[in-house]
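All remarks here apply to the structure that follows.
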Amino acid sequence: MSEEIVEQPILPLEIIDKSVGNKVKVLMTSDKEFYGKLIGFDDYVNMVLEDVVEIDNEGTKSDPVKKMLLNGGHVAMIIPDVVA
Numbered sequence: 001m002s003e004e005i006v007e008q009p010i011l012p013l014e015i016i017d018k019s020v021g022n023k024v025k026v027l028m029t030s031d032k033e034f035y036g037k038l039i040g041f042d043d044y045v046n047m048v049l050e051d052v053v054e055i056d057n058e059g060t061k062s063d064p065v066k067k068m069l070l071n072g073g074h075v076a077m078i079i080p081d082v083v084a
């Protein structure tokens, strides 16, 4: 009798947890984009980023911000391991 391999589903917060300490791209509902190192987050996906750069719709980068708190209620998408 062969053993069937069952893949366990990966929950969204698990993926975010694995991204802590790595660069992420965060797309906001307001069409803003932020790139930075994910330092931490909570159950509401409020997150703290470090060395953050904002990129506008024209591709212009802002000066880096040392630390930033993003409101999880305005986060549309998180893309792990990106290069800004």
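Residue 1 in full-length UniProt numbering is what sits at position 1 of the sequence shown, and the numbering runs on without skipping anything. Virtual Cβ for every residue (Gly too), placed ideally from N, Cα, C.
Residues in the same chain with beta-carbon distance under 8 Å from residue i, minus the five sequence neighbours each way, listed in chain order, please.
i, result
"Asn22", "Lys37, Leu38, Pro80, Asp81"
"Lys67", "Ile39, Val48, Leu49, Glu50, Val52"
"residue 99", "No information on residue 99 is available, as it lies outside the stretch 1 to 84 that the chain covers here."
"Val75", "Val26, Leu27, Met28, Thr29, Val45, Met47"
Which whole-angstrom value describes the C-beta separation of residue i and residue j, a residue pair presumed to lie in contact below a C-beta threshold of 8 Å?
i, j, result
"Ser62", "Glu54", "4 Å"
"Ile16", "Phe41", "6 Å"
"Asn46", "Leu69", "7 Å"
Using CA coordinates, which residue listed in the options is at the minimum distance from residue i?
i, options, result
"Tyr44", "Asn71, Ile78, Gln8, Glu3", "Asn71"
Got a sec, what are the start and stop residues for the beta strand (DSSP E) residue i sits in?
i, result
"Pro12", "Run containing Pro12: none in the beta strand (DSSP E); it sits in the alpha helix (DSSP H), 12 to 18."
"Lys23", "23 to 28"
"Tyr35", "33 to 41"
Return the chain-ordered list of same chain residues with a C-beta closer than 7 Å to the C-beta of residue i, the five sequence neighbours on each side being excluded.
i, result
"Met77", "Leu27"
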